[in-house]
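Q: Attaching a single structure in structure tokens format; questions to follow.
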Amino acid sequence: MLISIASGKGGTGKTTLALLLAAADPTVTLIDCDVEEPNCHLFLKPMWHEQAENVTVMMPLMNTDLCNGCGACSSVCLFNAIAISGGKALLFDELCHSCGGCILACQHNAISEEKKPIGTIATGASAIRPGIRLLNGTLHIGTPSSVPLIKAIKQKISQLSGDMLLDCPPGTSCSMVTAVKNSDFCILVTEPTPFGRHDLELAMNITRLLHIPTGVVINKSDEDIGDRTIEDFCQSREIAVIAKIPHSLSFAKQYAAGLIPDDFKSIASNIWEQLHARRRREV
Amino acid sequence: MKELVIVSGKGGTGKTSISAALASLSPQKVMVDCDVDAANFHLISSAVIKHTYEFKAGFEPYVDENLCTQCAICTNLCRFGAISAGVMNALNCEGCGVCAFNCPEHAITMQEKHAGQWFVSDTRFGQLIHAELGLSIENSGKLVSKVRQEAKKIATANHLPLIITDGPPGIGCPAIAALSGASLALAVVEPSLSSMHDLERLIELVYHFKLPIMVCINKSTLHKENTKEIIAWCNSKAIPIAGKLPYSDAFRTAVQSGKTVMEIDNEDVKEEMIKLWKNLAKRLDIPADLSKIDLLKQKLNPFR
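So the protein lines, in turn, are chains W and E.
This note's numbering puts the first residue of the first sequence at 125, with every later residue one more than the last.
This note's numbering puts the first residue of the second sequence at 12, with every later residue one more than the last.
The structure is reproduced here in structure tokens:
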């Protein structure tokens, strides 16, 4: 079972929930897909297996001896990643999507491809929470698109079995969509504020578009007007609120120090029960 | 004209709350919300949309079924698994056009894609440029550049000395698009291990673009040892601390009631926020309040 944990708004508690769920069932593999800012490893303190795997994308390499500056490559590049300058093709690699269109268009075999590293995937086992495995993606700083790295992670985990928790990037753009895609269930973590409510709706639109069954967890719950607004909204969209995690300063303090507090263990166990019951119903 | 961009690396550290409070303190400015796929600034500033514009970016293929012979050349050439013998899987498509350019029957055309909307709104604090990215669209960086560009036009036309930009989280393309060419980046960090780790990656990105940066420690009383550690780390890197805001429920109360923390009863937070704003204004070399501008106008007024 692949459970994605996403949110729309950042800082609502995706990583927190992923860690709470992992701590409550230490047979899972936790996959950190927030590759711009991965944090799960700070809490799990993993012993990394071997060396991290390098993830690369293919970049066009212009052979200036063969290029006659005809501009065929530039004219088919819809990302405007190739310009003709001084009679030669010039690549702006941060705009390139590695589609290979320029290579097909070049009549002079002047374009080949080379690998460009964009990030790493490391795997390990938690030293402080025995049983939890971690797969961690880290984007190289300055690399604009995290999508190819997230795709590589998804490719890698498609060969794994057992329950997996996927900590997704915030937002609702391409990186979040790539991370959430093909998961069996998506938990959207929100907070009971107008910000949380607004971004929850955007995230729900994505899971609906992807036909992914969705549940909501209200973090920093206040059992007051904020909660009710989220609950009413979820009801209108026929999406269940599967748990509420209370607002707790002592929890926040422990978490800030890098600990996974045991305070809400029963809440996490209850979420697992619901997820397993759901799977049994499906089978 | 100066542009202050508020960023954080980690999400939820308080970028929008702080941006809104700074906007309420700054006498003359235009505001931009660059978190285009989860925009919130309009919720806290009682924004009323004045103008809505369509944002077009990138392309998507259209297949003419009458011309398609299902030869599957497109399928073999597409590196994104987005087309199978003339049938699109739009969610995988990156809009490269390889299918269209290489179709022997010319059955595929690339058409410009509707990628979202952007808005010019009036708020309690002045004009706000914000946007809404279309569902599952990958041009967030371009939309960020678009709203920034429009804000610059408005600031220039109205002789406003400052643009306050509420940035996106992360360090990827939207963050890069929000930061490039800014006058000053303000990194909002909280004293948690996660946020401190993310700050280090963010600072590296900011260095990459050679931008001036200051740090604001939010919720600084949540974990005093970590706060000390952040200060020491910033000192070691010669990064100035522009402000330190205490942990306070006032932030939550403010968001809940659609206000900024400056409009909530909490003197500690307000006092520190004013200090933060003064430090930023000084660094940006712009007047921190209206009285100074009035004074300046009086001095410049030949008829006084």
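Don't be surprised by glycine CBs; every beta carbon is placed ideally from N, CA and C.
Computed from a prediction, not measured in an experiment: that's the story for all the values here.
Between which residues of its own chain and W:F357 is the CB-CB distance below 8 Å, once the five residues before and five after are set aside?
A: Cβ within range, chain order: R321, L324 and E325.
Q: Show which residues of chain E have a CB atom less than 7 Å away from the CB atom of W:K377.
A: Within 7 Å Cβ-Cβ: L233 and H234.
Q: Which partner residues does E:S95 have in the DSSP bridge list?
A: E:S95 pairs with E:V98.
Q: Does any residue of chain E bring its CB to less than 9 Å from the CB of W:V179?
A: Not closer than 9 Å to any Cβ of chain E, the Cβ of W:V179 fails to qualify, so no.
Q: Give me, in chain order, the residues of the same chain whose beta-carbon lies closer than 7 Å to that of E:K61; leave out the 5 immediate sequence neighbours on both sides.
A: Excluding residues within five positions, the ones whose Cβ falls inside 7 Å are V131, S132 and D133.
Q: Alpha carbon to alpha carbon, what distance is there between E:L33 and E:S231?
A: Looking at the two C-alpha atoms, the distance is approximately 18 Å.
Q: What residue from W:R404, W:I256, W:D217 and W:I129 has the CA that sits closest to W:E238's CA?
A: Of the listed residues, the one whose Cα sits closest to W:E238 is W:D217.
Q: Can you tell which of W:M125, W:L126 and W:S131 has its C-alpha closest to the C-alpha of W:N343?
A: Selected option, being the one with the closest Cα: W:S131.
Q: Pop quiz: W:G224 and E:R90 are said to be a contact at Cβ under 8 Å. What is the actual Cβ separation, rounded to whole angstroms?
A: Indeed, because the Cβ distance is near 6 Å, the residues count as touching under 8 Å.
Q: Could you please give the first and the last residue of the uninterrupted beta strand (DSSP E) stretch that includes W:S345?
A: It spans T338 to S345 - the beta strand (DSSP E) in which W:S345 sits, taken as one unbroken run.
Q: CA-CA distance, W:T153 and E:L144?
A: Between W:T153 and E:L144, the C-alpha separation is close to 32 Å.
Q: Taking the C-alpha atoms as reference points, what is the distance between E:S30 and E:P179?
A: Looking at the two C-alpha atoms, the distance is approximately 12 Å.
Q: Count the other C-beta atoms from every protein chain shown that fall within 10 angstroms of the C-beta of E:G137, then say buried if there are 16 or more, exposed otherwise.
A: So E:G137 ends up on the buried side.
Q: Let me know the secondary structure DSSP gives E:N163 once reduced to three states.
A: Reading off the sequence shown, one finds Lys at residue 163 of chain E, where the question assumed Asn. Note: E:K163 maps to helix in three-state DSSP.
Q: In terms of alpha-carbon separation, which member of E:V158, E:A111 and E:E105 lies closest to E:T63?
A: Checking every option, the nearest Cα to that of E:T63 belongs to E:V158.
Q: Helix or strand or just coil, what does DSSP make of E:Q81?
A: DSSP places E:Q81 in coil when its eight states are reduced to three.
Q: By how many angstroms is the C-alpha of E:K293 removed from the C-alpha of W:H112?
A: It is not possible to answer for residue 112 of chain W, since the shown part of chain W is limited to 125 through 407.
Q: Which residues of chain W have a Cβ atom closer than 9 Å to the Cβ of E:A31, listed in chain order?
A: Within chain W, no residue comes near E:A31; the closest Cβ sits about 11 Å away, beyond 9 Å.
Q: So within the segment 227–274 of chain E, which uninterrupted beta strand (DSSP E) runs reach at least 3 residues, ignoring any that extend past its ends?
A: Listed in chain order, they are 252–255.
Q: So which residues on chain W does E:N113 lean against when the C-beta distance must stay under 7 Å?
A: Per Cβ cutoff of 7 Å: L228.
Q: Would a C-beta distance cut-off of 9 Å place E:I252 and E:V226 closer than the cut-off?
A: Taking 9 Å as the Cβ cut-off, E:I252 and E:V226 qualify as a contacting pair.
Q: Interface residues of chain W around E:Q81 at Cβ under 7 Å?
A: Within 7 Å Cβ-Cβ: nothing; E:Q81 doesn't reach chain W, min ~20 Å.
Q: Between which two residues does the alpha helix (DSSP H) containing E:K26 stretch?
A: Segment K26 to L36, the alpha helix (DSSP H) holding E:K26.
Q: Using a Cβ-Cβ cut-off of 6 Å (strictly less than) and excluding sequence neighbours within five positions of E:M42, which residues of its own chain qualify?
A: Closer than 6 Å at the Cβ level, and outside the excluded window around E:M42, lie A34, L139 and I175.
Q: Of all Cβ atoms in chain W, is any one closer than 9 Å to the Cβ of E:C107?
A: Yes, E:C107 lies at the interface with chain W (some Cβ there is under 9 Å from its Cβ).
Q: Got a sec: is the Cβ-Cβ distance from E:F66 to anything in chain W below 9 Å?
A: No, E:F66 does not count as interfacial toward chain W.
Q: As an exercise, report each continuous alpha helix (DSSP H) stretch of at least 4 residues that is fully enclosed by the segment 252–325 of chain W, in chain order.
A: Entirely contained in the segment 252–325 of chain W, the alpha helix (DSSP H) runs reaching 4 residues are, in chain order, 271–281 and 298–304.
Q: I'd like the list of long-range same chain contacts for W:D351, defined as Cβ closer than 8 Å, with 5 residues on each side in sequence excluded.
A: Closer than 8 Å at Cβ, skipping near neighbours: P316, I342, S345 and K368.
Q: Return helix, strand or coil for W:G225, following the three-state DSSP convention.
A: Helix.
Q: Do you know how far the Cα of E:S37 is from the Cα of E:W288?
A: Those two C-alpha atoms are separated by around 8 Å.
Q: Verify the CB distance criterion: does W:V135 have a CB-CB separation below 9 Å to chain E?
A: According to the sequence shown, residue 135 of chain W is Gly rather than Val. Yes, W:G135 counts as interfacial toward chain E.
Q: Quick one: is W:H221 buried, meaning 16 or more other Cβ sit within 10 Å of its Cβ, or exposed?
A: Its Cβ being crowded by 16 or more others within 10 Å, W:H221 is buried.
Q: Does the segment 284–303 of chain W come close enough to the segment 141–148 of chain W to have 3 or more Cβ pairs within less than 8 Å?
A: Contact holds: three or more Cβ-Cβ distances are below 8 Å.
Q: From the DSSP output, in three-state form, read off W:V159 for me.
A: If DSSP states are grouped into helix, strand and coil, W:V159 belongs with coil.
Q: Can you give me the C-alpha to C-alpha distance between W:V407 and E:N87, rounded to a whole angstrom?
A: If you take the alpha carbons of W:V407 and E:N87, they lie about 35 Å apart.
Q: So W:S270 contacts chain E; which residues on that side make the cut at Cβ distance below 7 Å?
A: Chain E residues near W:S270: G183.
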